[in-house]
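Heads up, the thing below is written out as structure tokens.
Numbering (our numbering), first residue to last: 19 to 468.
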């Protein structure tokens, strides 16, 4: 999302690769009239499909007694005391996670950063925080990726801040370049319109390339094929809480696909055709919808009706993807690959400013079991201007319950109330979703090889 001043001028950003804005900043779709008419036509299809979905077994089931507990979220759940998630949790015992132990308990996972040479100092700040709070105990490898070769200075400095292995990768040109099917004249004309509407970086081609790469290319890198899980770490972020268990083993042992800390509304103007294109995809691929989906979270129009209206049926709720701990097998799945291919061919990464956060979030909300999406409430995190600050003695430097230290109006950007309303809060003993993680762990243990 874009974080804007009340006058609509972006003041911060989602992605730190370019120190740039997040997802939006457009007041209307920056495309010629025929394409706008196509978007309108898809709304008819949208209404029909949603009606069918709500009549089908895939319709959203609200958590029982707490369906409306978080509607206005007068009290932030981060004010409640936060403990670790349920067992099993893998911990350091002796040398089982030593950096030089070839038989360690680490699994095939990596800390992943898209970063440029000029962002070295900001990256080091992030590394220091995460090494101090977590990775000095578990020594998972770092993977740094750039669209140009890393300098020797970058390599020398980053090696000083971890005992773990570091991979320095360059993005294949075919993963980064503007696709051949993109109409460059249309792209530039659309950028002119977006710029007139005060959309930040409308003409910055590399920003659009980055969003596309983060959406559907990064997990295809040849040297990432050995990894299943990743923790995305951006420059200039902060981690506040000691985490004493292996988060990657947690994901595996509890059968989790995706973990987030911050859940926000997006700028609807930048993604006005994303949901209509999604509906077009679903019209011929409805079999891909998971029975336990999060459609209600994706389509809610009660809390921010103007967002739903401008985004043509999408609430714009999304997981802020500058932090994500995820299983790349989901992105590599036939369902996600087909969805990304459809979006990629539609051209919205370049004709509009679709970001990886809404693309990832929509896919997860439609094609994955919502019980496999986890809020890492216990991981204190900041990416300016938003926080995840739990109430825990393991946290330092993070005010419990703080969502933002910016202007008061930023508080309305929090989409957790919608997530809790339609999906539930697995940390709340009074919520019907409480106990889900333990059940998922039991199921994973029952199906794992002896």
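The C-beta atom is built at its ideal place from N, Cα and C for all residues, glycine as well.
Distance between residue 283 and residue 432, taken at the CA atoms: about 7 angstroms. The alpha-carbon separation between residue 92 and residue 427 amounts to approximately 15 angstroms. Separation of residue 443 and residue 437 (C-alpha to C-alpha, rounded to the nearest whole angstrom) is 8 angstroms. In this structure, the CA atom of residue 362 is about 27 angstroms from the CA atom of residue 274. A direct Cα-to-Cα measurement between residue 386 and residue 147 gives close to 31 angstroms. The stretch 119-132 and the stretch 257-271 touch, with three or more beta-carbon pairs separated by less than 8 angstroms. Under the three-state reduction of DSSP output, residue 116 falls in the coil class, being neither helix nor strand. Rounded to the nearest angstrom, the gap between the Cα atoms of residue 395 and residue 245 is 25 angstroms.
Residue 193 carries a helical assignment under DSSP once its states are collapsed to helix, strand and coil.
Excluding five sequence positions before and after residue 367, the CB atoms of its chain that fall closer than 6 angstroms to its own CB belong to 226, 229 and 230, given in chain order.
In the DSSP assignment, residue 302 falls within the alpha helix (DSSP H) that extends over 292-303.
Under the three-state reduction of DSSP, residue 272 is assigned to coil, being neither helix nor strand. Counting along the chain, the unbroken beta strand (DSSP E) around residue 400 starts and ends at 399-401.
For the pair residue 281 and residue 372, the CB atoms are not nearer than the 9 angstroms cut-off. Rounded to the nearest whole angstrom, the CA to CA distance from residue 252 to residue 133 is 7 angstroms. Taking 4 residues as the minimum length, the alpha helix (DSSP H) runs contained wholly in the stretch 149-187 are 170-177, in order along the chain. Residue 345: member of the beta strand (DSSP E) spanning 342-345, first to last residue.
The DSSP-derived three-state label of residue 378 is helix. The criterion of a C-beta distance shorter than 9 angstroms is not satisfied by residue 174 and residue 445. Cβ-Cβ distances below 8 angstroms link residue 138 to 171, 172, 175 and 176 in the same chain, with the five nearest sequence neighbours on each side left out; the list follows chain order. Straight through space, the alpha carbons of residue 356 and residue 154 are spaced by roughly 38 angstroms. Taking 9 angstroms as the cut-off, the Cβ atoms of residue 160 and residue 198 do not count as close. Beta bridge pairing from DSSP links residue 131 with 162.
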